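Chemist: One structure, pasted below without further comment.
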Amino acid sequence: MPSASPDSLDRRVKWGLLLASLATVALLIYSVLAECVWPQWRMLRAQYAQILKAKATDDRGRALAEQFEATIQQNVLPALHTVDRCITCHPAVDDPRMAGEKQPFRTHPGDFLRLHQPDTYGCTACHAGQGRATEQAAAHGDVEFWPSPMIPARYAYAGCGSCHTHVLVPSQAVLRRGRDAIARYGCLACHTLDGGGVKLPGVAGAAGPDLSQVGATGYDAGWYEKHVARAANADGGNGPSLRPIGEPARADLSRFLASRVGAPSLVEAKALFHSLGCRGCHKVNGVGGKEGPDLSRVGEKDPGRMDFTHVPGEPTLANWLAEHFRRPAAVVPGSQMPVLGLTEEQIDGLTLYMLSLRHSSIPETYQPKDRIRAERFGEREFATDGETLYSTFCAACHGASGQGMRYPGLPVSPAIASPDFLAVAADAFIAHTVQHGRPGRRMPAWGEKEGGLRPQEIQAIVAYLRSMSGLAAPEPDRQPARWVKGDTTAGNSLFATYCASCHGATGQGAEGPALNNTVLLASASDTYLTETIRRGRRGTVMAGFEKPSTVHPALTPSEIESIVSYIRTWETP
Amino acid sequence: MSDSGMGAFWANLKALPRTFLGSFVRHGAPTSHRARSQSVFSNVFLHIHATRVHPHSLRLTTTWGLGVSLVAQFLILTVTGILLMVYYNPGLDQAYASMKDIHYVVPAGRLIRNIHRWAAHMMVFCVILHMTRVFYTSAYKAPREFNWVLGMGLFVLTLALSFSGYLLPWDQLAYWAIVIGANIAASPNEVIHAIGLPEAFNIGDIVRRILLGANHVGQDALLRFYLLHVIVLPIAMVFIIAAHIWRIRKDGGLARPGGTPSPAGKGAGSMTPAAQPPSAAPSKTYGLMCLVKGRSPCTGQDPDETVPAWPALLRAELFVFMLNMLICLVLGVFFDAPLREIANPGVPENPAKAPWYFLGLQEMVSYSALIGGVVVPTLAVIGLALIPYLDREAEPAGLWFSGARGKVVTFWSMVVGAILAVLSVAIPVNYGWLRNWFPDIPQLVIIAINPGSLVTLAYMAWSLIVIARTKSTRLGAVALFSCFLVGFVILTYVGTYLRGPNWDFYWRQSDWPIH
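Chains as they are written, first to last, in my numbering: chain A, 1 to 573; chain B, 1 to 515.
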């Protein structure tokens with residue numbers, strides 16, 4: 001190695017020291033500028049100060065503009081464990097003068113901040129995102145390692161789901177009837193609703209109260225009688241006018257009004273979820289089938305931990321969900337979820353509802369009434385009329401009108417609204433089947449411990465099934481449950497000849513349903529079985545054996561009884 | 001009297017700057033050699049240096065400035081660490097939030113945290129390089145054996161400091177690294193289970209409970225690691241650093257070959273073996289002290305071979321310090337220290353990787369936490385610490401690789417070490433390991449016989465072969481050290497870049513499965 005003389009070495013050290021020190025000073029100056037001059041939030045606040053100055057018309061406005069500082073503003077909320085610095089760049093959220101400005105300087109739309117003051121709730125409680133961050137991408141959560149990015153603005157109502165549990169949301173059909181009734185009876189002549197209607201004195205001269213949030217705030221149950229009384233007392237068209245409203249329409253109206261909680265699009269989305277029968281396979285907050293994943297907190301999923309290989313566009317949870325509704329098996333290889341053939345509008349609604357399935361841990365004092373009603377008092381998220389219950393839990397497999405469904409690759413689901421079925425199935429049999437399900441088949445048990453439905457809800461579903469067919473329940477069976485005493489040997493050969501091709505040689509089921517199912521055999525009475533064989537099921541391959549067909553002769557009652565006796569031999573395996 | 005009293009007061013007041021300075025430095029401007037020596041000698045902070053140093057010690061290739069770099073990094077870490085302590089809160093529900101606040105709103109907080117993180121990485125890196133330098137220049141030899149042991153202590157402390165700081169952000173990375181660390185601490189359980197002793201003998205559980213304060217990583221663990229990180233380990237570090245540097249002087253300054261050519265060219269080219277045995281070195285220090293005091297019991301060494309420590313050495317040290325400052329600042333300004341999601345015991349990181357300097361061990365831990373996480377590292381540290389006692393060959397200190405033979409041994413040992421390390425990864429990745437070949441063998445066998453333990457044994461065997469062939473313990477030590485060094489580098493590389501979820505082998509990170 002070349003041995004430098006101490007002097008030349010010392011000279012090099014001196015130069016090195018000088019250069020290193022200068023570079024250090026330069027970097028320190030750079031980092032001071034980067035922190036104190038260049039940050040985006042400082043520039044935004046300077047911009048906003050100009051806007052404030054321009055908008056100031058009186059002394060107070062000018063004083064406010066004068067006091068406006070280029071410092072970080074924050075809402076510190078120890079109770080929620082959050083610190084939200086959003087108002088640093090969005091300083092105008094509570095200043096109504098800025099309604100016409102562009103983001104980030106716009107006033108918060110709607111009257112949400114009246115009910116949820118930013119200094120009590122902050123911003124991220126509803127919008128998600130990273131409240132502590134002071135850079136746009138990080139604050140909006142569009143960065144690595146922040147599991148809860150902001151909810152996109154078009155799905156903003158999903159944020160309500162963090163704390164609220166909207167209860168008793170009916171199906172879309174029920175909701176639509178309520179909305180139709182509102183229109184038909186001219187309620188909006190005096191009332192406002194979801195931003196529509198008139199605020200001016202109505203045709204009758206008096207402005208009615210806003211109905212947008214009556215589901216949350218409550219309303220007078222005797223409203224109809226009072227309207228009628230006032231209409232009677234009114235003289236010459238100065239008082240409220242009211243056409244008589246029939247009982248069914250009033251029921252529709254009350255279900256509709258109960259759903260008006262100030263989040264119309266979210267309620268609409270939830271109603272859609274309650275119309276497509278998704279809960280037939282998916283649990284939400286403890287109620288639903290177990291075939292698919294539990295969706296109770298699906299809106300909290302961290303996009304950073306999801307597979308976006310097959311999802312076009314931005315890697316956001318909303319995009320993933322929407323694409324998954326379009327092509328479930330393509331997004332999640334091996335998924336059993338069928339393609340539901342949804343419209344883009346429906347997909348948008350379901351995505352909104354999925355995003356709303358989140359659950360913040362919030363202190364007692366923050367718990368909204370609806371969440372307490374749902375979690376403490378056991379109130380349902382779905383309306384408990386038979387129609388809504390059927391469309392919420394049954395429609396996906398049995399069809400919107402009970403016509404049965406057949407998804408590619410899945411076994412056929414029975415047409416339970418078939419008049420042939422309803423004519424022979426007693427209410428108790430249907431209720432028993434709903435409660436205990438069919439082990440081994442897709443039909444899950446819906447009892448309180450399994451699917452989570454209560455007995456009266458199951459009764460409501462049975463009643464609704466009856467009303468769908470328009471048939472009364474069959475005459476009560478005077479026979480005991482087991483009265484058939486046929487010849488099992490003869491039954492065996494008859495079964496092999498006429499039944500095995502569809503139900504399988506040992507009744508294990510193939511094209512037709514399995515008959516060796518012990519739960520079926522336990523709950524089905526002999527009358528039910530003989531009658532089903534005799535009548536068949538219209539609309540399915542199961543023909544009635546009472547009459548001859550091209551492929552089989554008519555069977556005598558004793559032959560049918562022999563088959564039933566043979567089937568009964570599978571009851572004890 | 002009052003007049004002269006006032007006059008004296010006035011005169012004293014005017015002289016105050018001069019008298020105050022004079023009382024502080026106690027000697028004149030460091031313009032003469034004598035004054036320079038005095039300024040070093042009479043200053044409590046500077047007297048840790050010799051007053052005069054040999055130019056050989058100042059040369060870049062002698063030390064590469066690594067020891068001073070480590071002091072610089074320790075100082076930077078101390079200062080930034082104290083600043084971070086002002087804002088950091090070691091409470092379970094506050095820790096992560098305070099990290100975010102430090103990042104986003106504390107003035108210069110982001111920069112200070114970044115510098116702290118990068119300086120910590122640099123310190124681990126430099127402590128390894130420093131050890132490597134000291135080893136290859138045989139600077140551990142008598143009389144410096146014990147200083148080498150102290151250095152091993154500092155090495156372990158550096159790793160412990162770095163690892164204890166790892167938990168404090170309370171993010172996913174931190175949480176799962178400590179979970180793994182705690183499981184390694186509990187790994188003696190493996191043996192207890194394998195030989196079928198009852199639960200009460202689970203020493204590992206006890207160790208883990210001492211470390212975590214609970215059975216799981218939680219508030220108690222956070223507080224314990226915080227105390228370790230900010231009080232216990234740094235204080236231990238300061239004391240050992242002081243002893244380590246003090247001993248450098250007491251053991252005769254930096255190791256250098258005897259008869260190193262003097263700067264003026266006097267005796268140039270005479271890289272001959274030591275004219276004096278190393279044991280003469282302390283007497284030289286003594287002689288210099290006497291020289292400073294004005295007497296001159298010359299110990300047979302020409303004082304002109306040396307140069308005053310002030311300013312040559314101090315300036316060189318300052319340069320190294322500023323260079324470290326600059327590197328930390330560049331990294332800190334342009335690269336943010338990582339901070340993942342908040343710790344979530346319900347969502348395991350896969351793969352959960354330890355900090356980079358432990359990934360070589362984690363590679364072995366994937367077979368047996370006990371062997372890879374406890375036995376091999378303990379043996380390695382003890383083995384390293386014992387090197388100066390097992391290799392006592394007297395030879396010129398301060399010569400890289402002990403000359404030409406040493407270079408050859410180093411080269412071939414690195415080749416052997418690399419091949420064995422690569423095999424220890426390649427064979428299990430391609431052909432599986434004992435459990436795949438003999439599904440029924442007892443767990444104890446798997447614990448004992450795994451790639452980590454086999455490679456360690458092979459390295460030891462290679463070193464013994466070298467000793468036998470070269471008849472030199474020094475070359476045997478060179479062989480062992482070179483093997484471990486290259487094995488460490490290769491396994492660290494594999495652990496960092498080639499291991500994915502479930503510790504499976506992947507050539508590229510883009511091949512990792514997403515779920």
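Yeah, the Cβ is synthetic: ideal placement off N, Cα and C, and Gly gets one too. A quick note: this is a predicted structure, and the numbers were derived from the prediction, not measured.
Just the Cα atoms here: how many angstroms apart are B/L161 and B/L233?
Modeler: 6 angstroms
Chemist: Quick check on B/L111 - is its C-beta less than 8 angstroms from some C-beta in chain A?
Modeler: The beta-carbon of B/L111 is placed less than 8 angstroms from the nearest beta-carbon of chain A.
Chemist: Could you tell me which of A/A329, A/I347, A/N233 and A/G341 sits nearest to A/L272, measuring between CA atoms?
Modeler: Out of A/A329, A/I347, A/N233 and A/G341, A/I347 has the C-alpha closest to the C-alpha of A/L272.
Chemist: Which word fits A/C163, buried or exposed, when buried means at least 16 other C-beta atoms lie within 10 angstroms of its C-beta?
Modeler: buried
Chemist: With 16 as the cutoff for other CB atoms within 10 Å, does A/M354 come out buried or exposed?
Modeler: Around the CB of A/M354, 16 or more other CB atoms lie within 10 Å, so the residue is classed as buried.
Chemist: Could you tell me whether the Cβ atoms of B/P345 and B/Y226 are closer together than 8 angstroms?
Modeler: no
Chemist: Residues in its own chain within less than 7 angstroms of B/L222 by CB, not counting five upstream and five downstream?
Modeler: Contacts found: P90, L92, A95, L167 and W170.
Chemist: Are the CB atoms of B/M123 and B/G151 within a distance shorter than 8 angstroms?
Modeler: no
Chemist: Please check if any C-beta of chain A sits within less than 8 angstroms of the C-beta of B/A174.
Modeler: B/A174 has a beta carbon lying at 8 angstroms or more from every beta carbon in chain A.
Chemist: Pick helix, strand or coil for A/L515, following the three-state DSSP scheme.
Modeler: coil
Chemist: Under DSSP, the beta strand (DSSP E) around B/T492 begins and ends at which residues?
Modeler: Where B/T492 is concerned, there is no enclosing beta strand (DSSP E), although the alpha helix (DSSP H) it sits in stretches over T473 to Y497.
Chemist: Below 8 angstroms on the Cβ atoms is my guess for A/L253 versus A/A181; work out the distance and round it to an integer in Å.
Modeler: 5 angstroms between Cβ atoms; contact.
Chemist: Quick check: what's the CA-CA separation for A/E144 versus A/A137?
Modeler: 10 angstroms
Chemist: For chain B, check one thing: does any of its Cβ atoms lie closer than 8 angstroms to the Cβ of A/F145?
Modeler: yes
Chemist: Quick check: A/E219 and A/R250, are their CB atoms within less than 8 angstroms of each other?
Modeler: The sequence shown places Tyr at residue 219 of chain A, not Glu. Cβ distance not < 8 angstroms, so A/Y219 and A/R250 don't count as in contact.
Chemist: Kindly give me the distance between the Cβ atoms of A/S148 and A/E300, rounded to whole angstroms, as I take these residues to be in contact under 8 angstroms.
Modeler: 7 angstroms
Chemist: Taking 8 angstroms as the CB-CB limit, is B/M122 close to chain A?
Modeler: no
Chemist: So what does DSSP say about B/V408, is it helix, strand or coil?
Modeler: helix
Chemist: Determine which residues of the segment 113–135 of chain A have a Cβ less than 7 angstroms from any Cβ of chain B, and write them out in chain order.
Modeler: Listed by position along the chain: R132, A133 and T134.
Chemist: Just to confirm my understanding: we take A/G452, look at its own chain, exclude 5 residues before and 5 after, and list those with CB closer than 8 angstroms. What are they?
Modeler: K283, G286, V287, G288 and W446
Chemist: State yes or no: is the C-beta of B/G417 within less than 8 angstroms of the C-beta of B/V486?
Modeler: yes
Chemist: In angstroms, rounded to a whole number, what distance separates the CA positions of A/G304 and A/E268?
Modeler: 29 angstroms
Chemist: For the segment 6–23 of chain A and the segment 317–326 of chain B, state whether three or more C-beta atom pairs, one from each stretch, are separated by less than 8 angstroms.
Modeler: yes
Chemist: Could you pull out every residue in the same chain whose Cβ sits closer than 6 angstroms to the Cβ of B/P273, ignoring the five residues on either side in sequence?
Modeler: Here B/P273 scores only 34 on pLDDT, less than 50, and its place in the model is too uncertain to base an answer on.
Chemist: Quick check on the burial criterion: 16 or more other C-beta atoms within 10 angstroms. Buried or exposed for B/A343?
Modeler: Buried, because 16 or more other Cβ atoms sit within 10 Å of the Cβ of B/A343.
Chemist: Rounded to whole angstroms, how far is the Cβ of B/L370 from the Cβ of B/E199, which I believe are closer than 8 angstroms?
Modeler: Not a contact, Cβ separation roughly 17 angstroms.
Chemist: What are the start and end residues of the alpha helix (DSSP H) that includes A/L357?
Modeler: Going by DSSP, A/L357 is part of no alpha helix (DSSP H) at all; its letter is neither H nor E.
Chemist: Is there a Cβ of chain B sitting closer than 8 angstroms to that of A/S335, yes or no?
Modeler: no
Chemist: If you measure from the beta carbon of A/V169 to each beta carbon in chain B, is any gap under 8 angstroms?
Modeler: False, the Cβ-Cβ gap to chain B never drops below 8 angstroms.
Chemist: Is there at least one Cβ from chain B nearer than 8 angstroms to A/A31's Cβ?
Modeler: Reading off the sequence shown, one finds Ser at residue 31 of chain A, where the question assumed Ala. Yes, A/S31 counts as interfacial toward chain B.
Chemist: Thinking just about the alpha-carbon of each residue, which of B/W10, B/G7 and B/N43 is nearest to the one in B/G22?
Modeler: B/N43
Chemist: Can we say the segment 123–142 of chain A touches the segment 167–186 of chain A, given the rule of at least three CB pairs closer than 8 angstroms?
Modeler: no
Chemist: So with CB distances below 7 angstroms, who are the chain A contacts of B/K407?
Modeler: Residues of chain A passing the Cβ test: none, with the nearest at roughly 14 angstroms.
Chemist: Can you list, in chain order, the residues of its chain whose CB lies under 7 angstroms from that of B/S164, leaving out five sequence neighbours each side?
Modeler: F225, L228, H229 and L233
Chemist: Within a Cβ cutoff of 7 angstroms, which residues of the same chain sit near B/G294, ignoring the five residues on either side of it in sequence?
Modeler: For B/G294, the predicted structure reports a pLDDT of 38, less than 50, and the residue's modelled location is therefore unreliable. A value from the coordinates is still provided. Hits under 7 angstroms: none found.
Chemist: Under 7 angstroms between beta-carbons, which chain A residues line up against B/Y104? List them in chain order, please.
Modeler: R132, A133 and T134
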